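Asks: In my numbering, the protein residues as written are 918 to 1406.
Right under this line is the structure:
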């Protein structure tokens, strides 16, 4: 039975496969085992694959376009926000530069930074967030409870230990507490491996089909001893065949009695459609990252609905990536800076605007449905947010609220004037019309004096217009009866 003291201790193990030296051994492919090997494979894919390069740009550019800001539960006047904004502005590099470096956690599984601080009067601010190369990790250091305590880097001739308190680590997934996370390119590796090799085979096949297959005939009494050494005739013939290239320097010098010719490849008429195979694997690489929309239209096929659905999923991924950056930076950079300056970090966080482009027609349709149903009361802050979302000119919420207050007061004054005017039109022979007049005036005043509830105001306006229409129709019928009565006399 568990004791009270044991409830505050860890139980069980995450199952992370680590060596005594601090290396992660969870990967079953030797090509991806170890931080150094993983980094080399990722760099090869990023720099040698146009498809992966397109994915990288499609991911990085929308997130760089996001608006970031610090917010507080205590409101905009919180002094902690001023400190964070000053620390942001004091850094030696831009925030977008940090975002570009941080996004490498998608490709490598993790991205690491050390925080360097600076003194500004009596305050501690950020100086820079220094990125650490993925292939310079010597080993990870773990605490007794299994948590990450730091890492040992080998950037030069001597190792350097870096404690976790000085680091910010962004990770894509942290299964079993793995500090190296999981690369989104890992599931795409088999497809990339086949594409790379098929492209090489394709290039060799094209060269052989165009240039022809070298055929060398040895003379009688030639030295046919099996050897790759050019000391024998067989070895010399093989060396000539391997070096034949059909380019501007092409030439062959043969000894007397030797024969040389280029023959067509026997399988030239039955070659596989390598372009179709490569395209299939390219699509699978993009499918592994929910970005297959990049290939839509390149084969003259693909519906607009398919494109929009695929991009919607991709935008969800981008927003999740931005959330990871915001949450990690809040927990490991913002909190530490506030504590160094004697502040409580609770209630302060980094937030971001939605990633990707916003389609105005979708927003307009959603707002129309919300407004017609009266599901929400719009405030000045809502208008400011909507302006930011639609990339409209910015306005201060206080200014918007002040203008609304002036408009409400003017509407109330007009409603009162109309109430008084209608009250003076009482007719002795039509008491019911007077009641209608007073009711209409009351509805008019209530609608225009509504405290910022646009949906409620529109409902009252429609009801008031109906009442006024009924009243005017009744008045018109009464006038017609009076005219007929006068003419009938």
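Even glycine gets a Cβ: it sits at the ideal position worked out from N, Cα and C.
As the structure is a prediction and not an experimental result, all values here were calculated from the model.
1) Do residue 956 and residue 941 have their C-beta atoms closer together than 9 Å?
2) For residue 935, is the classification buried or exposed, using 16 other Cβ atoms within 10 angstroms of its Cβ as the cut-off for buried?
3) May I ask you to verify whether the region 1094-1107 touches the region 1140-1149, counting CB pairs closer than 8 Å and requiring at least 3?
4) For the region 1038-1116, list the beta strand (DSSP E) runs that are entirely contained and at least 3 residues long, ordered along the chain.
5) Report the three-state DSSP secondary structure of residue 1423 (helix, strand or coil).
6) Taking a contact to mean a Cβ-Cβ separation below 9 Å, would you say residue 1254 touches residue 925 in this structure?
7) For residue 1269, tell me which candidate among 1296, 1250, 1237 has the shortest Cα-Cα distance.
8) Taking the beta carbon of residue 1054 as the centre, do at least 16 other beta carbons fall within 10 Å, making it buried, or is it exposed?
9) Any beta carbon of chain C sitting closer than 9 Å to that of residue 1056?
10) Quick one: residues in its chain with C-beta nearer than 6 Å to the C-beta of residue 1001, no 5 flanking neighbours on either side, listed in chain order?
11) In angstroms, rounded to a whole number, what distance separates the CA positions of residue 1317 and residue 1331?
12) Pull up the CB-CB distance for residue 1075 and residue 962, whole angstroms please, since I reckon it's below 8 Å.
13) I'd like to check one pair, residue 1032 with residue 1250: are the Cβ atoms closer than 9 Å?
14) Could you check which residue in 1198, 1239, 1058, 1202 has the C-alpha nearest to that of residue 865?
15) Considering only residues of the same chain and omitting the five flanking positions on each side of residue 1010, which have a CB-CB separation below 8 Å?
16) Confirm, please, whether the CB-CB distance from residue 1157 to residue 1133 is below 9 Å.
17) At the level of alpha carbons, what is the spacing between residue 927 and residue 1062?
18) Indicate whether residue 991 and residue 1264 have their beta-carbon atoms separated by less than 9 Å.
19) Work out the CA separation of residue 1029 and residue 1194 for me, nearest whole Å.
20) Taking C-alpha atoms, which residue in 985, 938, 1309, 1230 lies nearest to residue 1244?
21) Tell me the DSSP secondary structure of residue 1035 in three-state form.
22) Let's see if you can read the secondary structure: which residues bound the alpha helix (DSSP H) around residue 1314?
23) If I measure Cβ to Cβ from residue 959 and keep anything under 7 Å in the same chain, skipping five residues before and after, which residues do I get?
24) Which two residues bound the contiguous beta strand (DSSP E) that contains residue 985?
25) Helix, strand or coil for residue 1267? Go by DSSP, reduced to three states.
26) Report buried or exposed for residue 1056, applying the criterion of at least 16 other Cβ atoms within 10 angstroms of its Cβ.
27) Could you pull out every unbroken alpha helix (DSSP H) segment of at least 4 residues lying fully inside the region 1117-1161, listed in chain order?
28) By how many angstroms is the C-alpha of residue 1336 removed from the C-alpha of residue 1344?
29) Taking only the alpha-carbon atoms, compute the straight-line gap between residue 1073 and residue 1051 and give it to the nearest angstrom.
30) What are the boundary residues of the alpha helix (DSSP H) that residue 1255 is part of?
31) Could you tell me which residues DSSP puts in a beta bridge with residue 1178?
32) In this structure, does DSSP put residue 1347 in helix, strand or coil?
33) DSSP on residue 962, reduced to helix/strand/coil?
34) Take the Cβ of residue 1136 as the centre, count every other Cβ of all protein chains shown within 10 Å, and call the residue buried at 16 or more, exposed below.
35) Below 8 Å on the Cβ atoms is my contact criterion, and I expect residue 1475 with residue 1273 to pass it. Report the Cβ-Cβ distance as a whole number of Å.
36) Hey, is residue 973 close to the ligand GDP, as in C-beta under 8 Å from one of its heavy atoms?
Replies: Quick answer:
1) The Cβ atoms of residue 956 and residue 941 lie no closer than 9 Å to each other.
2) Buried: at least 16 other Cβ atoms inside 10 Å.
3) Taking 8 Å as the limit for Cβ pairs, the verdict is that the region 1140-1149 does not touch the region 1094-1107.
4) The region 1038-1116 contains these whole beta strand (DSSP E) runs: 1040-1049, 1054-1059, 1065-1070, 1077-1080, 1084-1088.
5) This structure cannot speak to residue 1423, because the chain is shown only from 918 to 1406.
6) Residue 1254 is not a Cβ neighbour of residue 925, given a cutoff of 9 Å.
7) Comparing Cα positions, the closest option is 1237.
8) Flag for residue 1054 reads buried.
9) Protein chains in the displayed structure number just one, and chain C is not present.
10) Here the set comprises 987.
11) For the pair residue 1317 and residue 1331, the Cα-to-Cα distance works out to about 21 Å.
12) At roughly 31 Å, the Cβ-Cβ gap does not stay under 8 Å, so residue 1075 and residue 962 are not in contact.
13) In this structure, the beta-carbon distance from residue 1250 to residue 1032 falls below 9 Å.
14) Absent from the structure is residue 865, since the part of the chain shown begins at 918 and ends at 1406.
15) Within the same chain, Cβ atoms closer than 8 Å to the Cβ of residue 1010 are found at 1045, 1046, the five residues on either side in sequence being excluded.
16) Yes. Within cutoff.
17) In a straight line, the C-alpha of residue 927 is about 7 Å away from that of residue 1062.
18) The answer is yes: Cβ separation under 9 Å.
19) Rounded to the nearest angstrom, the two C-alpha atoms are 37 Å apart.
20) By alpha-carbon distance to residue 1244, the top candidate from 985, 938, 1309, 1230 is 985.
21) Strand at residue 1035.
22) That run of the alpha helix (DSSP H) goes 1314-1340.
23) Around residue 959: 1024, 1025, 1100, 1102.
24) Element bounds for residue 985: 985-989.
25) Residue 1267 falls in the strand class under three-state DSSP.
26) It is buried - the Cβ of residue 1056 has at least 16 other Cβ atoms within 10 Å.
27) List check, alpha helix (DSSP H) in window: 1150-1160.
28) Legend: pLDDT at residue 1344 = 49, less than 50; position of this residue unreliable, value from coordinates given subsequently. A direct Cα-to-Cα measurement between residue 1344 and residue 1336 gives close to 15 Å.
29) A straight line joining the alpha-carbon of residue 1073 with that of residue 1051 spans about 14 Å.
30) 1252-1257 is the span of the alpha helix (DSSP H), which, as asked, contains residue 1255.
31) Partner(s): 1132.
32) With a pLDDT of only 48 at residue 1347, under 50, the local geometry of the prediction cannot be trusted, and no value is derived from it.
33) If DSSP states are grouped into helix, strand and coil, residue 962 belongs with the helices.
34) Residue 1136 is exposed by the Cβ-count criterion.
35) Residue 1475 lies beyond the range of the chain shown here (918 to 1406); nothing can be said about it.
36) This structure lacks the ligand GDP, and indeed carries no ligand of any kind.
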